[in-house]
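K.L.:
Mind having a look at this structure? Questions to follow.
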Amino acid sequence: MRFANPAFLILSLLVPIAGLWWTFLRARREKALAKLTLKVPKSSVSGLQTACIVIGLFLSLFAAARPQWGKSMEKMTTRARNVVIAIDVSRSMLAEDVRPNRLERAKADVADLIDSLAGDRCALVAFRRTGVVVCPLTTDHGYLRSALERMSPESAPRGETDLGSAIRAALGALDPAADDHNAIILISDGGDLRGEALKNAESARKRGIPIFTVGIGDPKRGATIPAEDGRGVQKFDGKPVTVKLEETALKAIAEASKGRYVPLATAGTAETTLGAIYRRFLRQVALAEQNEEESRLGERYQIFLVPGLILLLVGAALSKGRFVSSVRRLPTPDSTSLG
0 MRFANPAFLI
10 LSLLVPIAGL
20 WWTFLRARRE
30 KALAKLTLKV
40 PKSSVSGLQT
50 ACIVIGLFLS
60 LFAAARPQWG
70 KSMEKMTTRA
80 RNVVIAIDVS
90 RSMLAEDVRP
100 NRLERAKADV
110 ADLIDSLAGD
120 RCALVAFRRT
130 GVVVCPLTTD
140 HGYLRSALER
150 MSPESAPRGE
160 TDLGSAIRAA
170 LGALDPAADD
180 HNAIILISDG
190 GDLRGEALKN
200 AESARKRGIP
210 IFTVGIGDPK
220 RGATIPAEDG
230 RGVQKFDGKP
240 VTVKLEETAL
250 KAIAEASKGR
260 YVPLATAGTA
270 ETTLGAIYRR
280 FLRQVALAEQ
290 NEEESRLGER
300 YQIFLVPGLI
310 LLLVGAALSK
320 GRFVSSVRRL
330 PTPDSTSLG
C-alpha cells in the first residue's frame, strides 16, 4: 500500500488519540463530580455519537491520504512531436572559439531547449565517424538530461566527421508511422558532403522530416583544438591545427530536407539560441496523438470515504436528536404564574 498524500495519514492517526483523550478527560470529570456527591450533569454527547464522529473523521482523513494498492490500467492520450537531436562529438568540437568550447556550448543550449519541449518526445544521437543513439525517444526529460551530460568525444567511434551517418542514425531513431510529426536538429561545426549526407537528407525530405542544421563555431578565424594528452594544442607537421565552422554542408543538408540552417552565434543572442529555433520552426511540426496504456496503483480512497461520511452524518443526526429531546424536557411556564 502507498499513500499519495501521507500528511493526511498522520492527521488521521491523531484523531483516535484525540478522541480517547477527550473521553478520558470527560470520565475523570464525571468521577470527580460523583465524589463530591454532586449530581453529574447528563452529557449532551453520547458514547455512540462520539464513536461515530471519531471513526467517521478518521476514515475521511484516511481517505484524503489517498491509499493506493493493486494495479489499474489507465488509457492516456498525448499530443507530441518526435525530435531527434544529433550532436557532433568530434575533437574539433573541443575548439574554444565559443565558451567554454563548442561541444559544451552545444550541450548547454540543448539543455535549455529541453525546457521548451514540454510533452514532446526527444532522442539524442552522438556522431563522429558513425552515429550512435545515446538516448532513444522519451518524454523522461530527466533521463534525457543525464544522457546529455555524459556526451563526450568518447560517445561515438573515432574518425572523420560523417554527417551522413548522423542523419541515418537520427532517421533510425524515429517512428516511420509518425513521420508528419518528426523532426531532426543536427548540431555540428560542419564537414564535407562525402558519403551519403545529401542522399540521407533527401530521404528525410521524402518522409516529410525536416532537418534543422545548427552551425557552431567561428566561420572566419576558427580556433585551435586542445591536444589529446591535455598539453598544448593539436598539431600537424609541427603547426597548430585550426578548425573553422564549415557551413556549406550544413546549408546543403537543410535545403535538401526542406529544413533550415541557423548559425549559433558566439554571443548567444536570443535570435540564435536553440529555444528560438524551436519557437520559430519546430512548433510548425504537427503534433501526433498517441494512445497509451499506463499501469498505475489503483486509487482506493472510496472504500474509506463513503463509510466515513455516513458515520459523520449519523453523528450529526444523533447530536440534533439529543438537542431536540433536551429542549422538549425543559419545563414550560405555568400560565397562572404570569398573572
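Position 313 of the sequence shown, counted from 1, bears residue number 312 in numbering that gives the first Met the number 0, the numbering being contiguous throughout.
Where is the CB? At the ideal position from N, CA and C, for every residue including glycine.
The model shown is predicted, which means the values in this text are computed figures rather than measured ones.
(1) Would you tell me roughly how many angstroms separate the C-alpha atoms of Leu-244 and Ser-154, rounded to the nearest one?
(2) Return helix, strand or coil for Asp-174, following the three-state DSSP convention.
(3) Which value, in whole angstroms, describes the spacing of the CA atoms of Ala-50 and Asn-81?
(4) Per DSSP, what kind of secondary structure is Ser-145 in: helix, strand or coil?
(5) CA-CA distance, Tyr-260 and Gly-237?
(6) Going by DSSP in three states, Lys-30 sits in which element: helix, strand or coil?
(7) What are the boundary residues of the alpha helix (DSSP H) that includes Thr-359?
(8) Phe-7 by DSSP, collapsed to three states: which one?
(9) Which value, in whole angstroms, describes the spacing of the CA atoms of Pro-5 and Pro-66?
(10) Please list, in chain order, all residues of the same chain as Pro-156 whose beta carbon is under 7 angstroms from its beta carbon, the five residues on each side excluded.
(11) Starting from the N-terminal side, write out each stretch of the beta strand (DSSP E) that is 3 residues or longer and does not extend beyond the region 175 to 246.
(12) Would you identify the three-state DSSP class for Lys-257, choosing helix, strand or coil?
(13) Could you please give the first and the last residue of the uninterrupted alpha helix (DSSP H) stretch that includes Asp-96?
(14) Do Leu-10 and Leu-60 have their beta-carbon atoms positioned less than 7 angstroms apart in this structure?
(15) What is the C-beta distance between Ile-210 and Leu-185, in whole angstroms, given that I count them as a contact (C-beta under 8 angstroms)?
(16) Please report how far the alpha carbon of Asp-188 lies from the alpha carbon of Gly-141, in whole angstroms.
(17) In whole angstroms, give me the CA-to-CA distance for Leu-93 and Arg-220.
(18) What is the DSSP secondary structure of Ser-156, counted as helix, strand or coil?
(19) To the nearest angstrom, how far is the alpha carbon of Leu-312 from that of Phe-23?
(20) Drop a sphere of 10 angstroms on the beta-carbon of Arg-27, count the other beta-carbons inside from all chains shown, and report buried for 16 or more, exposed for fewer.
(21) Taking C-alpha atoms, which residue in Val-124, Ile-183 and Ile-166 lies nearest to Phe-280?
(22) If you count every other CB in all the chains shown that lies within 10 Å of the CB of Ser-145, and 16 or more means buried, which is it?
(23) Suppose contacts are defined by Cβ-Cβ distances below 7 angstroms. Is Ile-84 in contact with Val-53 by that definition?
(24) With Asp-87 as the anchor, note down where its beta strand (DSSP E) starts and where it stops.
(25) How is Leu-136 classed by DSSP in three states: helix, strand or coil?
(26) Is there a Cβ from chain B that is less than 7 angstroms from the Cβ of Trp-68?
(27) For Val-124, write down the residues that DSSP places opposite it in a beta bridge.
(28) When DSSP labels each residue in this structure, what does Ile-113 get in the three-state scheme?
(29) Is the beta carbon of Leu-136 less than 7 angstroms from the beta carbon of Arg-120?
(30) Can the beta-carbon of Ala-122 be found closer than 7 angstroms to that of Ile-215?
(31) Thr-241 to Lys-205, Cα distance in whole Å?
(32) I'd like to check one pair, Phe-57 with Pro-99: are the Cβ atoms closer than 7 angstroms?
P.N.:
Looking at the atomic coordinates:
(1) 21 angstroms
(2) It is coil, neither helix nor strand.
(3) Between Ala-50 and Asn-81, the alpha-carbon positions lie close to 57 angstroms from each other.
(4) helix
(5) Inter-residue distance for Tyr-260 and Gly-237 is about 35 angstroms (C-alpha atoms, whole angstroms).
(6) The answer is helix: DSSP assigns Lys-30 an H, G or I state.
(7) Lying before the first or after the last residue shown, residue 359 is absent from the chain, which here runs from 0 to 338.
(8) Helix at Phe-7.
(9) If I take the Cα positions, the gap works out to 9 angstroms.
(10) Arg-127, Arg-128 and Thr-129
(11) 181 to 187 and 210 to 215
(12) coil
(13) Premise fails: Asp-96 is in no alpha helix (DSSP H) and is neither H nor E.
(14) yes
(15) 6 angstroms
(16) 27 angstroms
(17) 15 angstroms
(18) The sequence given here places Pro at residue 156; Ser does not occur at that position. Under the three-state reduction of DSSP, Pro-156 is assigned to coil, being neither helix nor strand.
(19) 24 angstroms
(20) exposed
(21) Ile-183
(22) Flag for Ser-145 reads exposed.
(23) no
(24) 81 to 87
(25) strand
(26) The chain inventory of the structure shown lacks chain B, comprising one protein chain alone.
(27) Ala-85 and Val-132
(28) The answer is helix: DSSP assigns Ile-113 an H, G or I state.
(29) yes
(30) no
(31) One C-alpha to the other measures close to 37 angstroms.
(32) no
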